[in-house]
Amino acid sequence: MIITHDHADHCHGIDELRAISQTLGKPVPFYGRADVLERLRRRFGYIFKSASFYRAVGEAVEVGSELTFGGAQIRFVDQPHGGITSLGLRIDIGSRSLAYAIDFNELTDDMRTLYEGVDVWVSDCLSRRPHPTHTHLDAVLGWAEEMKVGQLYLSHLNNSMDYTTLVDELPSWAAPAHDGLEIEL
Ligand SMILES: [Zn+2]
Ligand SMILES: [Zn+2]
Numbered sequence: 003m004i005i006t007h008d009h010a011d012h013c014h015g016i017d018e019l020r021a022i023s024q025t026l027g028k029p030v031p032f033y034g035r036a037d038v039l040e041r042l043r044r045r046f047g048y049i050f051k052s053a054s055f056y057r058a059v060g061e062a063v064e065v066g067s068e069l070t071f072g073g074a075q076i077r078f079v080d081q082p083h084g085g086i087t088s089l090g091l092r093i094d095i096g097s098r099s100l101a102y103a104i105d106f107n108e109l110t111d112d113m114r115t116l117y118e119g120v121d122v123w124v125s126d127c128l129s130r131r132p133h134p135t136h137t138h139l140d141a142v143l144g145w146a147e148e149m150k151v152g153q154l155y156l157s158h159l160n161n162s163m164d165y166t167t168l169v170d171e172l173p174s175w176a177a178p179a180h181d182g183l184e185i186e187l
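Here the sequence shown is numbered in the numbering used here, starting from 3 and rising by one per residue.
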């Protein structure tokens with residue numbers, strides 16, 4: 003489990019991980035920045051502690067700049083997200099690559115370098131209008147073109163981002179993401 007940041011809309015499904023940890027037979031590793039993991043520990047102490055019959059659900063693991071996971075290499079970058087930062091990531095498997103950039107409002111040079119030319123870019127795209135803590139449609143489409151990403155999926159959409167309207171208006175290389183979407187690299 004990679005924790006991009008500890009905003010409620012990203013981590014309040016945390017209790018659902020109990021079933022996964024039971025299937026694994028061990029705590030789920032939570033990969034994230036130290037300050038984020040510390041705040042999660044304060045807010046959800048029971049998740050990280052074994053108590054009588056109940057085993058800990060999660061185990062905090064601080065990430066650096068990269069991580070190897072099976073055959074995948076995962077690299078991280080800190081993204082500006084209003085007053086905080088979120089973790090953006092790029093996954094490389096063989097010659098294929100995907101970047102996942104949720105909850106950011108500005109594309110930094112480090113992000114641009116990491117995401118440049120990926121086969122698939124999943125990006126925050128909250129709204130049609132600029133927003134102080136999130137990206138908006140024109141900016142994301144522009145960045146995707148500049149970085150020459152293969153396929154763009156828009157995520158974190160608000161009510162101004164109607165699914166079928168977007169499907170009709172977006173270029174062939176862009177699409178709104180949706181629940182249950184599976185991406186094969
Ligand atoms: Zn957020
Ligand atoms: Zn969010």
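Where is the CB? At the ideal position from N, CA and C, for every residue including glycine.
This structure is a prediction, so every number in the text was calculated from the model and none was measured.
- The region 47-57 makes no contact with the region 100-120: fewer than 3 CB pairs, one atom from each, lie closer than 8 Å.
- Ligand 1 approaches residue 105 closely enough that one of its heavy atoms is under 7 Å from the residue's Cβ.
- Residue 152 sits in coil when the DSSP states are folded into three classes, being neither helix nor strand.
- Look at residue 16 here: in three-state DSSP terms it is helix.
- For the set 53, 142 and 63, the Cα lying nearest the Cα of residue 158 is the one of 142.
- For the region 75-130, the full-length beta strand (DSSP E) segments reaching 3 residues or more read 86-95, 98-103 and 122-126 along the chain.
- Residue 60 is bridged by DSSP to 30.
- For residue 46, no alpha helix (DSSP H) encloses it, and the DSSP letter there is neither H nor E.
- Relative to the non-hydrogen atoms of ligand 2, the Cβ of residue 140 never comes closer than 7 Å to any of them.
- A straight line joining the alpha-carbon of residue 110 with that of residue 90 spans about 11 Å.
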